[in-house]
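All remarks here apply to the structure that follows.
There are 2 protein chains.
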Amino acid sequence: MFKTAELGQKIPKDEYHELLPELRARLVQTQYHMRAADFSAIIIIAGTDSVGRHDIVTTLFEWMDPRYLETRSFGDPTDEERDRPLFWRYWRVLPAHGRTAVFYGSWVRRPLMDRLDDLIDDDQLDAAIRRINIFERLLAHDRTILLKFWLHLPARQLRKRLKSLDKDPDAASKISDHDRTIVDDYSRAQQIFTRFVRKTSIPEAPWIIVESADHRYRNLAIGRTILDACTKGLEAAEARARRKREEGDKPPTVTPQPANSNGEVRSVLDTLDLTKTIEREAYSEQLEKHQNKLFALQTRAFHEGQTSVLVFEGWDAAGKGGVIRRMIRGMDPRDYRIVPVSKPTEEEFAHHYLWRFWRELPRKGHVRIFDRSWYGRVLVERIEGLATEEQWRRAYSEINDFEEELVEHGILLLKFWMHIDKDEQLRRFKAREAIPFKKHKIGEEDYRNREKWDAYEAAVNEMVQRTSTEYAPWYLIEGNDKRYARVKVIKTFVERLEQRLSK
Amino acid sequence: MFKTAELGQKIPKDEYHELLPELRARLVQTQYHMRAADFSAIIIIAGTDSVGRHDIVTTLFEWMDPRYLETRSFGDPTDEERDRPLFWRYWRVLPAHGRTAVFYGSWVRRPLMDRLDDLIDDDQLDAAIRRINIFERLLAHDRTILLKFWLHLPARQLRKRLKSLDKDPDAASKISDHDRTIVDDYSRAQQIFTRFVRKTSIPEAPWIIVESADHRYRNLAIGRTILDACTKGLEAAEARARRKREEGDKPPTVTPQPANSNGEVRSVLDTLDLTKTIEREAYSEQLEKHQNKLFALQTRAFHEGQTSVLVFEGWDAAGKGGVIRRMIRGMDPRDYRIVPVSKPTEEEFAHHYLWRFWRELPRKGHVRIFDRSWYGRVLVERIEGLATEEQWRRAYSEINDFEEELVEHGILLLKFWMHIDKDEQLRRFKAREAIPFKKHKIGEEDYRNREKWDAYEAAVNEMVQRTSTEYAPWYLIEGNDKRYARVKVIKTFVERLEQRLSK
Numbered sequence: 097m098f099k100t101a102e103l104g105q106k107i108p109k110d111e112y113h114e115l116l117p118e119l120r121a122r123l124v125q126t127q128y129h130m131r132a133a134d135f136s137a138i139i140i141i142a143g144t145d146s147v148g149r150h151d152i153v154t155t156l157f158e159w160m161d162p163r164y165l166e167t168r169s170f171g172d173p174t175d176e177e178r179d180r181p182l183f184w185r186y187w188r189v190l191p192a193h194g195r196t197a198v199f200y201g202s203w204v205r206r207p208l209m210d211r212l213d214d215l216i217d218d219d220q221l222d223a224a225i226r227r228i229n230i231f232e233r234l235l236a237h238d239r240t241i242l243l244k245f246w247l248h249l250p251a252r253q254l255r256k257r258l259k260s261l262d263k264d265p266d267a268a269s270k271i272s273d274h275d276r277t278i279v280d281d282y283s284r285a286q287q288i289f290t291r292f293v294r295k296t297s298i299p300e301a302p303w304i305i306v307e308s309a310d311h312r313y314r315n316l317a318i319g320r321t322i323l324d325a326c327t328k329g330l331e332a333a334e335a336r337a338r339r340k341r342e343e344g345d346k347p348p349t350v351t352p353q354p355a356n357s358n359g360e361v362r363s364v365l366d367t368l369d370l371t372k373t374i375e376r377e378a379y380s381e382q383l384e385k386h387q388n389k390l391f392a393l394q395t396r397a398f399h400e401g402q403t404s405v406l407v408f409e410g411w412d413a414a415g416k417g418g419v420i421r422r423m424i425r426g427m428d429p430r431d432y433r434i435v436p437v438s439k440p441t442e443e444e445f446a447h448h449y450l451w452r453f454w455r456e457l458p459r460k461g462h463v464r465i466f467d468r469s470w471y472g473r474v475l476v477e478r479i480e481g482l483a484t485e486e487q488w489r490r491a492y493s494e495i496n497d498f499e500e501e502l503v504e505h506g507i508l509l510l511k512f513w514m515h516i517d518k519d520e521q522l523r524r525f526k527a528r529e530a531i532p533f534k535k536h537k538i539g540e541e542d543y544r545n546r547e548k549w550d551a552y553e554a555a556v557n558e559m560v561q562r563t564s565t566e567y568a569p570w571y572l573i574e575g576n577d578k579r580y581a582r583v584k585v586i587k588t589f590v591e592r593l594e595q596r597l598s599k
Numbered sequence: 097m098f099k100t101a102e103l104g105q106k107i108p109k110d111e112y113h114e115l116l117p118e119l120r121a122r123l124v125q126t127q128y129h130m131r132a133a134d135f136s137a138i139i140i141i142a143g144t145d146s147v148g149r150h151d152i153v154t155t156l157f158e159w160m161d162p163r164y165l166e167t168r169s170f171g172d173p174t175d176e177e178r179d180r181p182l183f184w185r186y187w188r189v190l191p192a193h194g195r196t197a198v199f200y201g202s203w204v205r206r207p208l209m210d211r212l213d214d215l216i217d218d219d220q221l222d223a224a225i226r227r228i229n230i231f232e233r234l235l236a237h238d239r240t241i242l243l244k245f246w247l248h249l250p251a252r253q254l255r256k257r258l259k260s261l262d263k264d265p266d267a268a269s270k271i272s273d274h275d276r277t278i279v280d281d282y283s284r285a286q287q288i289f290t291r292f293v294r295k296t297s298i299p300e301a302p303w304i305i306v307e308s309a310d311h312r313y314r315n316l317a318i319g320r321t322i323l324d325a326c327t328k329g330l331e332a333a334e335a336r337a338r339r340k341r342e343e344g345d346k347p348p349t350v351t352p353q354p355a356n357s358n359g360e361v362r363s364v365l366d367t368l369d370l371t372k373t374i375e376r377e378a379y380s381e382q383l384e385k386h387q388n389k390l391f392a393l394q395t396r397a398f399h400e401g402q403t404s405v406l407v408f409e410g411w412d413a414a415g416k417g418g419v420i421r422r423m424i425r426g427m428d429p430r431d432y433r434i435v436p437v438s439k440p441t442e443e444e445f446a447h448h449y450l451w452r453f454w455r456e457l458p459r460k461g462h463v464r465i466f467d468r469s470w471y472g473r474v475l476v477e478r479i480e481g482l483a484t485e486e487q488w489r490r491a492y493s494e495i496n497d498f499e500e501e502l503v504e505h506g507i508l509l510l511k512f513w514m515h516i517d518k519d520e521q522l523r524r525f526k527a528r529e530a531i532p533f534k535k536h537k538i539g540e541e542d543y544r545n546r547e548k549w550d551a552y553e554a555a556v557n558e559m560v561q562r563t564s565t566e567y568a569p570w571y572l573i574e575g576n577d578k579r580y581a582r583v584k585v586i587k588t589f590v591e592r593l594e595q596r597l598s599k
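Which chain is which? The protein sequence lines are A and B, in order. Letter by letter, the first sequence follows residues 97 to 599 of the numbering used here. Letter by letter, the second sequence follows residues 97 to 599 of the numbering used here.
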């Protein structure tokens, strides 16, 4: 795999300086064009040449306009970062569309170094690679150009460089322990790297192996590859825009679910018994009981570092807000935060749709309550045609992968669908219109959404089918009786939390 | 995940028979349209309803035109099949473009049943899932519509059915041991299935979960989904054809390799010392020695069931044929077969490009010698624009995955690139033209290919970089001296085979 980067490629000094001006001019020009583009670029520098890794980043900043080139550098994870799933630290700093970022010591570094140090074995490395594949594929599908450069230095040169650096007391900081590990058993390191580079070379984001011995050759090769990829990215963006102008926005398609095959729309929601109620007195009593229990449990959870993430989805006026308000009465305000989710901001829109949710993941021991969530992708965005069919179909796996990462990190994840029927919704709309301080909560849009009830129901059905996983099932809540729903949700949280803490 | 298929969906008899005629007519019509299409469809039936699995296949044959609907059924692997990597049995019977096939007991069945029987654990199931993902993604990218139906029967109904079948002595054959295992510990089975269905639901090929209790509902749901998917497939095929007419064939792009960044084309081939020679006398002696050794080794390999696959690629007139002819002198003719690879036949062209190579995999102990190979995808097809950039870029991973399967199955896989320089090639062309019985081997096309030497060299360089894996590295052979090349290749085979047999 690395033989092609042991060719002794060199570029003479004068030739280099002759070629540079045009390359630099074109790189900067491309940066300007990219500012308004609907894609981003991430440059990753890895490989055996640790000194070269440093040099090339500096060089890129010299060549390009630093206003539009961001760097991300990662050392040991901070406590903030350790509290969240592994990829949180990368998600939070992903560049927005139109921006380019150099990732330095990125998600590829840690598993490689851990394997090198024998802290993990091949199977564990494979598990890490699986996550990397999922993450990079997700980025690429969201129009992120991933430029992964692997700087390769052959054994002999690596050894030579280490020796010469050893003689120079000022250079000590330039050598890492890993450099020595690599040199000490080069063939073992080589084997680990070959395997890693192969398995993380997906068609959407292959490694570009660059011979690193001659810094002029390396710089030119990397500069040209960046220029080439961004130019192609701009062309593709233009073609996308042209196609959109010509074809217009396609009408949203709602694929017929097998569930609807006899004309009668039937979904998992039909199985809910909406006549379930609870008497007012029993309600007060039970609510208080569960709230008290929750308080005790959540206090313990906080101290034990057990994080919870709660997701509320449901029809308009299904009572999400009411449930949440009752639930938080059973918690210390320092422990939880409610995240109301509506249309993405411009900044959010310029990122992957999961980005804003990743950023909202709580620290250890906290509770984060999402009032609507990432499921908007397969509900409103699907129905309103805001996501293409390809996008919302892909979202089921992306969401499952995302939630798997949360649960594997030890987070208790609960997802509630608050269900009411169409008549009950209308009653609540009318009732809201009659109450001055609730009037603003109801508008034309709510009535328009009602007309798409069947389409939404089919989408909910498919959502439950595809994202009810063994680690994060959906809880479908009968909501015609608000009291019944509130007790059931809080009770569920209490039970699941209790179960988790007793482990 | 399966809750949405426990809704008690039913279709009354009269309604069913009213709906059927149109559905059947449209299904058959679609079949006719699909005959000339550039895509295929694979229908997979799995799930807990073993009786239903059988019924629906029979029903589909009743409804559709059986001339254009093939079935593939898989029991225990035959000895022919056990001799090859696991997926060989599926590859060999993949439907060609324009055809639809029902896979019955497909690649999903075995790992699921083995997990159910506790013959494998979760990690081993995950490894199997990884292969399934790779395979299905590959098929989907090659324009295969994958319709994976999961027939779901809730626990209660499954139990009831088993009981009623138990009473009927004629029905004994309808119940498998696995049905009993599922019923005996339904929640365990459910957990295994949920995990499996989730992990094998990729955006390109999600599971369609169908409630199976009412056979009329089930049949209609499946029939309609097939109709819908094939109709969409036909529309997409039309759009593809239209786009091709409008845009024409795009000019092939050769992405600049970092290797070429100073204008001077430099590739891994430049590292080869083409002045290497061997004296005629030493040649005869060594050739004979290695041939004898090979004969002894290959006889042993045959008896020990050690399979070898040899791949020869190289420039026109680089001496591939000459090497192969000398090599086979050291083998029993019953043990090997040479596969000359040229343009695909029509049948081959209507399949995935790897299909014809999968079919050629040898049985245990045999040697298969490919004179040109699957690497055509990233060489001639890339340069001549016969594969799109997206296709040949994807091919690197596909080929690595393919070769990984071979090696994991215990096959010794050796890949040789026979290298000569441009002058030597011209000399050989001229020499061939002068020899009557070799004259036919040289034509205008060969001279045309010479003009694209640099583009080919860049492609070879990238091929070596991306497909020299730890389990199947490329051997680059200095070929200007034919004798030197022959000895080196045969010696390499002897050494690798010896090493393998001594394990």
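For glycine and all other residues, C-beta sits at the position ideal for the given N, C-alpha and C. All of these numbers come straight from a predicted model, not from anything done at the bench.
Query	Result
Pairwise C-alpha distance: residue 380(A) and residue 387(A)	10 Å
Coil, strand or helix - residue 433(B) by DSSP	strand
Inter-residue CB distance, residue 564(A) and residue 99(B) (contact presumed, cutoff 8 Å)	6 Å
Three-pair Cβ contact test at 8 Å for the segment 300-317 of chain A versus the segment 234-244 of chain A	yes
Where residue 237(B) falls: helix, strand or coil (DSSP)	helix
CA-to-CA distance, residue 363(A) to residue 143(A), given in whole angstroms	52 Å
Residue-level contact to chain A via CB, residue 366(B), 8 Å cutoff	yes
Chain A contact for residue 298(B) (CB, 8 Å cutoff)	yes
Identity of the residue in 252(A), 262(A), 566(A) and 115(A) nearest residue 283(A) by Cα	252(A)
Residue environment, residue 355(A), which counts as buried when at least 16 other CB atoms sit within 10 Å	Any reading at residue 355(A) must be qualified, since the residue scores a pLDDT of 44, below 50, and its modelled position is unreliable; no value is offered.
Burial state of residue 215(A), where buried means 16 or more other Cβ atoms lie within 10 Å	exposed
Residues sharing a beta bridge with residue 97(B), DSSP	The partner list for residue 97(B) (beta bridge, DSSP) is empty, contrary to what the question assumes.
Nonlocal neighbours in the same chain, by C-beta distance under 7 Å from residue 238(A), ignoring five residues either side	448
Residue of 407(A), 197(A) and 446(A) minimising C-alpha distance to residue 436(A)	407(A)
Nonlocal neighbours in the same chain, by C-beta distance under 8 Å from residue 518(B), ignoring five residues either side	546 and 549
Best match in 177(A), 198(A) and 400(A) for proximity to residue 154(A) [C-alpha to C-alpha]	198(A)
Length-filtered (4 minimum) alpha helix (DSSP H) runs lying within the segment 98-136 of chain B	109-130
Continuous alpha helix (DSSP H) stretch holding residue 420(A): start and end	416-424
Minimum Cβ-Cβ distance from residue 601(A) to chain B less than 8 Å	In this structure chain A extends from 97 to 599, so residue 601(A) is not present and cannot be described.
DSSP state of residue 301(B) mapped onto helix, strand, coil	strand
Entirely enclosed alpha helix (DSSP H) segments - the segment 222-297 of chain B, minimum 4 residues	251-263, 273-280 and 282-295
Proximal chain A residues relative to residue 560(B), where beta-carbon distance stays under 7 Å	99 and 100
From 523(B), 429(B) and 452(B), residue whose alpha carbon lies closest to that of residue 439(B)	452(B)
Any beta strand (DSSP E) of 3 or more consecutive residues that is wholly inside the segment 433-470 of chain A	463-467
Inter-residue Cα distance where the pair is residue 262(A) and residue 256(A)	10 Å
Contact residues within the segment 102-128 of chain B, judged by C-beta distance below 9 Å to chain A	102, 103, 104, 105, 106, 107, 108, 111, 112 and 115
Chain B contact residues for residue 294(A), given Cβ-Cβ distances below 7 Å	496 and 565
Nearest to residue 173(A) (by Cα), restricted to the options 167(A), 164(A), 183(A) and 165(A)	183(A)
Residues bridged to residue 371(A) [DSSP beta-bridge criterion]	Beta-bridge pairing links residue 371(A) to no other residue.
Whole-Å CB distance - residue 516(B) paired with residue 576(B), under 8 Å assumed	5 Å
Beta-carbon contacts of residue 373(B) that lie in its chain and below 7 Å, excluding the five residues immediately before and after	577 and 580
Sufficient close CB pairs (3 or more, under 8 Å) joining the segment 465-473 of chain B to the segment 399-418 of chain B	yes
Residue closest to residue 232(A), alpha-carbon to alpha-carbon, out of 259(A), 168(A), 138(A) and 210(A)	138(A)
Cα-Cα separation, residue 371(B) to residue 536(B)	29 Å
Own chain residues within Cβ distance below 7 Å of residue 107(A), not counting five before or after	310, 312, 313 and 316
Stretch-stretch touch, CB-based, cutoff 8 Å, three pairs: the segment 161-168 of chain A with the segment 187-205 of chain A	yes
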